[in-house]
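Trainee:
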Amino acid sequence: MKHVVSLALKFVAWSVVLLSIFTIFDAPLLPIFIMTAGTAAVAYIIGDLLILPRFGNLAAAVADMPLAFLLIWLASSMLFEPTVYMAYASFFCALAIGAIEAFFHLLMEDRVLDKAREAQAYQWHGEGSWATEFAEEYENDQDKDDRT
246 MKHVVSLALK FVAWSVVLLS IFTIFDAPLL PIFIMTAGTA AVAYIIGDLL ILPRFGNLAA
306 AVADMPLAFL LIWLASSMLF EPTVYMAYAS FFCALAIGAI EAFFHLLMED RVLDKAREAQ
366 AYQWHGEGSW ATEFAEEYEN DQDKDDRT
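Mapping to the numbering used here: the sequence shown position 26 is 271, numbers consecutive.
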């Protein structure tokens, strides 16, 4: 149920962005909603369920922008008459979606994703900190004196 609510929220956010930009180019409403449903579902699976738990919010937000651009550009070129303006519209949609996705990922981490899986992802990849190793030498001090 958590995934249904978050996917619906993502659909609404993407719909607002795509409707506000593609209606400038006189695109019909039904293909915009079809494009939104398809691209938001694919981006949810790739960006929010695969990338976000493993690499964190920043990596997922950075990955969502080109992913959104490619998905929207491909979908708009299939559903609408292909023009140069579709690339511009897709680019501006991707910028707006990238900003929205950063906040959406905070909601996903807080409410949807499993905390144990998130903790394990940070164990595997670390939090960007470097560890220093301390160890005792195995050789005797007497052997050290002989070499000098």
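Glycine is no exception: its CB is placed at the ideal position from the N, C-alpha and C atoms. As the structure is a prediction and not an experimental result, all values here were calculated from the model.
#1: Any chance the stretch 323–342 sits against the stretch 261–273, with 3 or more Cβ pairs inside 8 Å?
#2: Mapping the DSSP letters down to three states, classify Leu340 as helix, strand or coil.
#3: Closer than 6 Å by C-beta to Ala341: which residues in its own chain qualify, once you throw out the five before and the five after it? Chain order, please.
#4: Around the Cβ of Glu346, are there at least 16 other Cβ atoms within 10 angstroms (buried) or fewer (exposed)?
#5: Where does Glu326 sit, in a helix, a strand or coil, going by DSSP?
#6: Assign Pro273 to one of three DSSP states: helix, strand, or coil.
#7: Are the Cβ atoms of Ala313 and Ala286 separated by less than 8 Å?
#8: Starting from Val299, follow the alpha helix (DSSP H) in both directions and report where the run begins and ends.
#9: How big is the Cα-Cα spacing for Phe348 and Asp355?
Mentor: In short, the structure shows the following:
#1: Because the criterion of three Cβ pairs below 8 Å is met, the stretch 323–342 and the stretch 261–273 touch.
#2: Here Leu340 sits in helix by DSSP.
#3: Result list for Ala341: Val262, in chain order.
#4: Label assigned to Glu346: buried.
#5: Glu326 falls in the coil class under three-state DSSP.
#6: Assigned with DSSP and collapsed to three states, Pro273 falls in coil, not helix or strand.
#7: Taking 8 Å as the Cβ cut-off, Ala313 and Ala286 do not qualify as a contacting pair.
#8: A small fix is needed here, since residue 299 is Arg in this sequence, not Val. Annotation for Arg299: the continuous alpha helix (DSSP H) segment containing it runs 297–300.
#9: As the crow flies, the alpha-carbon of Phe348 is around 11 Å from that of Asp355.
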